[in-house]
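Numbering-wise, full-length UniProt numbering puts 61 at position 61 of the sequence shown, and it's gapless, one number per residue.
Note that beta-carbon positions come from the ideal geometry of N, C-alpha and C, so glycine has one too.
Structure first, then comments.
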Amino acid sequence: MYKNYLLREWSLSDKISIAENANNINIWNNVRDYFPYPYTVEDGEQFINMVLSKEPPFTDFAIDVGGKAVGGIGIVLNSDVERISAEIGYWLGECYWNRGIMTNVVKEMVDYAFSHFPIKKLYAPVFDFNRASQRVLEKAGFEREAVLKHAAIKNGKVIDLHYYGLIRI
Numbered sequence: 001m002y003k004n005y006l007l008r009e010w011s012l013s014d015k016i017s018i019a020e021n022a023n024n025i026n027i028w029n030n031v032r033d034y035f036p037y038p039y040t041v042e043d044g045e046q047f048i049n050m051v052l053s054k055e056p057p058f059t060d061f062a063i064d065v066g067g068k069a070v071g072g073i074g075i076v077l078n079s080d081v082e083r084i085s086a087e088i089g090y091w092l093g094e095c096y097w098n099r100g101i102m103t104n105v106v107k108e109m110v111d112y113a114f115s116h117f118p119i120k121k122l123y124a125p126v127f128d129f130n131r132a133s134q135r136v137l138e139k140a141g142f143e144r145e146a147v148l149k150h151a152a153i154k155n156g157k158v159i160d161l162h163y164y165g166l167i168r169i
């Protein structure tokens, strides 16, 4: 299959491209509130500096299309009794939606996460209304494990969270 993207480490030079692609209400409506909106070049620089300050193996990657960072994917490793699991999260610039990129990016990140970290499970909470992300996860092999009723709030509206999981075999 033709690979129309590259998963790579972030570079400080990505700050303009990340701001151009992340500064979009349709993206912000589907991500956690700590993801800034409006998204500025300074926000991109802060994010990239934070990512680059971490010790390898890396947990956050740029989604590169045509030499530009147009999205991101990462995992958050859990601790204590949940240290065998990690949350996966991602976003992609709207003009790159529906090109078959995100499902393949998630699959690649799953392979990376299971081969570089001592985890047994990846999971993703997805807003009830975000059907596209639910489909991405399902196509990448994740299973819907639960629907947590009234578990989150976005844009002032209480919503259900769909929890998807993938267990390392």
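Residue from 33, 45, 38 and 4 whose Cα sits closest to the Cα of residue 12
45
Candidates 69, 32 and 21, of which the one nearest residue 87 by Cα
32
Tell me whether residue 169 is buried or exposed, calling it buried when 16 or more other Cβ atoms sit within 10 Å of its Cβ.
exposed
Exposed unless 16 or more other CB atoms sit within 10 angstroms - verdict on residue 81
exposed
Hey, how far is the Cα of residue 51 from the Cα of residue 64?
16 Å
State the start and end residues of the unbroken beta strand (DSSP E) segment that holds residue 228.
Nothing about residue 228 can be reported from this structure: the residues present for the chain run from 1 to 169 only.
Collapsed DSSP secondary structure at residue 3 in the structure displayed
coil
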